[in-house]
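Peer 1: In the numbering used here, the protein residues as written are 85 to 227. Glycine residues also receive a C-beta, built at the ideal position from the N, C-alpha and C atoms. Below: one structure in structure tokens.
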Amino acid sequence: MPVNNAPTKAEVEFGDPLTEKIRESIIGVEKLRAENRELTNKITSLETTNLQLENEVRSLKRALDDERAERRHYHSLANEIITRLDVVGQTIDDVVKRAEQETYRQRRENPRAELPEVELPTFLQKVEALVNGHGEKPKALAL
Numbered sequence: 085m086p087v088n089n090a091p092t093k094a095e096v097e098f099g100d101p102l103t104e105k106i107r108e109s110i111i112g113v114e115k116l117r118a119e120n121r122e123l124t125n126k127i128t129s130l131e132t133t134n135l136q137l138e139n140e141v142r143s144l145k146r147a148l149d150d151e152r153a154e155r156r157h158y159h160s161l162a163n164e165i166i167t168r169l170d171v172v173g174q175t176i177d178d179v180v181k182r183a184e185q186e187t188y189r190q191r192r193e194n195p196r197a198e199l200p201e202v203e204l205p206t207f208l209q210k211v212e213a214l215v216n217g218h219g220e221k222p223k224a225l226a227l
């Protein structure tokens, strides 16, 4: 009696359920391995990008600190200039007040006196000479 070990047509069409499960499991494992490789590459890329961004953040923080220090320096200079200008302004006010007091005193003492001629500063003499023509001599200005 001949022994026939060949699968029947029904067995080939439907297949063995265990074999089908094994094949699906192997395909699933291959998919998981491929996804794992992709995710590993993605992690490596993200870590590289993260390091670059951290370096950029450190650089920007240093630049910000430098700019803040520079701003504090210029703010300090501005305060010093303001203080000095305030002193100059007060000095000018004092000089103007003394000049007004002196003028008022002189007018009380001699109300009809004419003011003396004032000699022009040299730079004004040069300007007047240019305005009037090069050949004329500058004149004294009466105030």
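Tell me where the alpha helix (DSSP H) around Gly173 begins and ends.
Peer 2: Per DSSP, Gly173 belongs to the alpha helix (DSSP H) from Pro101 to Glu193.
Peer 1: Consult DSSP for Glu212 and reduce its assignment to one of helix, strand or coil.
Peer 2: Glu212: helix per DSSP, three-state reduction.
Peer 1: Between the alpha carbons of Glu104 and Gly112, how many angstroms are there, rounded?
Peer 2: Cα-Cα distance, rounded: 12 Å.
Peer 1: Just how far apart, CA to CA, sit Tyr158 and Asp150?
Peer 2: Approximately 12 Å, taken between the alpha carbons.
Peer 1: If we ignore side chains and look at the alpha-carbon of each, how far apart do Leu137 and Asn125 end up?
Peer 2: Approximately 18 Å between the Cα atoms of the pair.
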